[in-house]
Amino acid sequence: MLIVFEGIDGSGKETQVGMCRDYLKGKAGAAEVVLHKYPTGNFRELHKYLEGASELDAKSQFLLFLADIANEQKDIRSEFMQGKIVILDRYVFSTIAYQGEHLGTKTCTDLISKLDFIKPDLAVLLDLPARKAMERKQKQKSLDRFESDAVFLESVRSRYLKLAMKRFGSSRWAVLNADRDENVVHSDVVDKISSLFLDPIPKTENSKPETDFMDPIEFHKKLRGKLSMLAKAKCSDNETLALAYTPGVAKVSEAIARDRKLAYDYTGKWNTIAIITDGTRVLGLGDIGPEAALPVMEGKSVLFKEFGNVNALPICVATKKKEEIEFIARSLVPILGGINLEDIESPKCFELYDELSASLAIPVFHDDQDGTAIVIVAALFNGLGLVEKKFDETKIVILGAGAAGSATSKLINSTSPNANIILCDSDGVLSKARKELEPHKKKLLEFTNKKNISDYSSALDGADIFIGLSGKGKLTIAQVKSMAEDPIILALSNPEPEIKPSELDSVKCIVGTGRSDFHNQVNNVLAFPGIFRGVLSARAPKITQNMKANAAKAIANSIEPTRSKILPFAFEKEVHRKVAIDVALTAIADLNLDIDEDDVPAIIDKDLAEA
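For the sequence shown, our numbering gives the first residue as 15, with consecutive numbering after it.
Shown next as structure tokens:
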């Protein structure tokens with residue numbers, strides 16, 4: 015866990031850092047708490063040396079501060095990966111707030127966005143008006159030349175607040191009023207740490223099994239549902255009541271009855287989808303039923319809203335029959351702009367997806383298939399660029415021929431028809447020698463395993479890419495060493511990957527997992543919010559392979575990749591906007607939609623902002 019404290023001098027930052035450290039040491043069992051303070055002693059010594067000749071300009075100070083932080087990134091990353099709780103007294107945000115006065119905030123943020131700094135789990139901004147801060151510093155008789163300028167300090171404060179408002183550099187910012195008793199502020203800090211994290215604080219092997227931090231059960235019990243319904247229309251008097259309901263609404267209903275497409279203009283249909291599940295294949299839990307699936311679907315709805323501003327209704331049905339699920343989906347079409355199929359066992363999920371997407375006039379998406387495939391392909395675009403290989407020249411082994419593995423092979427094939435793809439399931443390599451293959455697996459042989467390899471070892475021999483969608487420990491270090499030089503390993507089984515990144519320290523490779531506590535998390539949330547935002551805003555009746563491929567490219571192109579960051583973080587909202595725009599533009603081209611391409615960015619921005 016990484017927690018950052020920021021604020022202008024005089025905001026009480028040093029006091030709160032110390033109180034937070036002491037609190038965490040007392041509450042986190044044996045988990046070690048580490049504190050880093052910026053600028054470091056090395057920075058001060060170098061700054062003093064360089065300033066001996068002449069006063070450093072703003073650009074030099076900015077770069078020097080970044081170098082100071084970058085110099086400690088390896089240590090911080092190591093501490094973070096060891097499960098330690100890392101507290102930072104200042105971070106990159108402070109150099110934006112202070113040096114942005116002369117260099118401009120955009121210049122600073124653009125540069126920092128391109129650098130591979132670790133993103134904090136929580137950034138705490140202790141907000142205090144400059145005048146109050148100066149009064150505190152005057153009492154301490156510790157004002158320096160910067161802090162004596164109230165106008166400058168207020169400008170710094172303003173930049174801090176803008177960073178927090180935009181959630182720059184961290185998905186979670188907490189802006190706390192620092193003009194209060196230090197114990198009251200500390201109480202708020204503790205509350206933010208406790209409530210903002212669903213998982214317990216990381217623990218070392220000797221940690222106590224319990225902490226005082228909120229666990230998922232407490233979190234859900236407190237909320238009593240992660241969703242609520244908000245009325246956009248306010249009925250505060252007879253006039254507004256008559257407009258929103260009877261008699262005025264009759265005129266709207268008559269118009270829609272004459273032209274049913276007007277439902278997109280006069281109702282919430284344009285921005286509403288259903289997440290439909292029967293609860294038969296939920297996460298790693300299996301067949302747990304519709305009631306137990308509801309918390310997962312609610313969570314998915316939250317992500318749709320948070321990152322795509324899409325209203326997603328969780329529909330958990332009390333039937334396992336394909337025909338009945340299909341009937342329910344078709345019955346809901348009048349109120350929906352799209353359907354997302356979720357956590358349905360195979361082969362039922364394939365059949366439902368194929369039949370609904372082919373026959374309905376609204377887009378149908380199966381996130382377990384296509385969402386996973388899109389993010390995997392995005393990871394491969396960037397990974398292959400880093401190892402200087404091309405899709406057409408690669409040998410790709412996919413372990414797992416279920417929903418995700420099948421869709422991934424199809425998307426890779428549509429993107430690069432010459433790629434050598436070999437699919438494997440629990441019984442071995444999918445090959446023509448296997449006579450008892452399920453129909454959907456037989457169809458995959460039309461473009462996979464062209465050399466008809468029959469055993470797993472031969473498949474991995476010389477492979478450039480391994481994609482694991484199977485289970486814990488399904489890939490060994492010996493098998494990795496049999497692959498091509500500098501391979502890409504995407505071990506995506508959850509909660510335990512096919513091979514742990516730590517096992518690959520001796521091998522030069524790029525490795526990604528499905529977990530947030532390792533580098534290169536491959537997470538579907540990078541795909542589905544932006545995809546549905548794009549198709550809903552364009553009113554596309556379907557989602558084509560081109561739209562999926564271009565969504566993958568949009569994700570890949572949204573960052574400058576490094577070996578430890580081949581994908582953007584899910585909380586970077588600009589990623590979802592780019593996906594939405596590219597999906598909408600592709601829909602216009604593929605489906606001949608009557609929308610001016612030049613208008614698409616403005617349409618997406620409007621729909622992302624609408625309440």
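C-beta atoms are modelled at their ideal positions from N, C-alpha and C, and glycine is treated no differently.
Residue i, DSSP secondary structure in three states
i: G114; result: helix
i: L413; result: strand
i: H533; result: coil
i: K265; result: helix
i: I426; result: helix
i: N466; result: coil
i: D23; result: coil
i: C249; result: coil
i: C523; result: coil
i: A42; result: For A42, the pLDDT reaches just 48, beneath the cut-off of 50, and the residue's location in the model is therefore unreliable, although a value from the coordinates is still provided. Three-state result, A42: coil.
i: P328; result: strand
i: F583; result: coil
i: L506; result: coil
i: A84; result: helix
i: A137; result: strand
i: N191; result: strand
i: G442; result: strand
i: L102; result: strand
i: I270; result: helix
i: F546; result: helix
i: G653; result: The structure shown does not extend to residue 653, since the chain is modelled only from 15 through 625, so no value can be given for it.
i: T54; result: coil
i: G300; result: strand
Cβ neighbour criterion (16 or more within 10 Å) applied to residue i
i: S184; result: buried
i: V363; result: Checking the displayed sequence, the identity of residue 363 turns out to be Cys instead of Val. Label assigned to C363: buried.
i: A447; result: exposed
i: L626; result: Nothing about residue 626 can be read from this structure; the chain reaches only from 15 to 625.
i: C249; result: exposed
i: V263; result: exposed
i: K153; result: exposed
i: L16; result: buried
i: Y259; result: exposed
i: N85; result: exposed
Element boundaries [beta strand (DSSP E), containing residue i]
i: I17; result: 16-20
i: C122; result: C122 -> not in any beta strand (DSSP E); alpha helix (DSSP H) instead, spanning 119-128.
i: L257; result: That residue, L257, is in no beta strand (DSSP E); its alpha helix (DSSP H) goes 252-258.
i: F480; result: 479-482
i: N432; result: No beta strand (DSSP E) contains N432, which DSSP labels as neither H nor E.
i: G352; result: 352-355
i: I290; result: 286-291
i: F379; result: 378-380
Whole-angstrom distance between residue j and residue i, CA atom to CA atom
i: D478; j: K488; result: 17 Å
i: M311; j: A144; result: 45 Å
i: Q30; j: G528; result: 34 Å
i: K128; j: E574; result: 6 Å
i: A505; j: K556; result: 31 Å
i: S74; j: V203; result: 34 Å
i: S195; j: S201; result: Ser is not the amino acid found at residue 195; the sequence shown has Asp there. Roughly 10 Å between the two C-alpha positions.
i: K620; j: K176; result: 21 Å
i: A566; j: V536; result: 12 Å
i: F395; j: Y37; result: 44 Å
i: L607; j: S345; result: 26 Å
i: D441; j: H454; result: 15 Å
i: A541; j: G293; result: 22 Å
i: E588; j: F182; result: 11 Å
i: L142; j: A188; result: 14 Å
Continuous alpha helix (DSSP H) stretch holding residue i: start and end
i: L398; result: 386-401
i: C363; result: 362-373
i: T600; result: 587-605
i: L49; result: Not the alpha helix (DSSP H): L49 falls in the beta strand (DSSP E), residues 47-51.
i: A343; result: 336-346
i: G313; result: 304-322
i: D619; result: 614-623
i: P453; result: 453-458
i: V165; result: 164-180
i: K562; result: 559-571
How about the stretch 565-585 and the stretch 346-358: do they share at least three Cβ pairs that are nearer than 8 Å?
no
Stretch-stretch touch, CB-based, cutoff 8 Å, three pairs: the stretch 427-435 with the stretch 402-418
yes
Would the stretch 448-455 and the stretch 510-518 be scored as touching if the rule is three or more Cβ pairs under 8 Å?
no
Does the stretch 259-276 come into contact with the stretch 321-340, if we say contact requires no fewer than three beta-carbon pairs (one atom in each stretch) closer than 8 Å?
no
Decide if the stretch 164-176 is in contact with the stretch 19-36; the criterion is three or more beta carbon pairs, one per stretch, under 8 Å apart.
yes
Would you say the stretch 319-328 touches the stretch 293-302, given that touching needs at least three Cβ pairs under 8 Å?
no
Decide if the stretch 588-602 is in contact with the stretch 547-555; the criterion is three or more beta carbon pairs, one per stretch, under 8 Å apart.
yes
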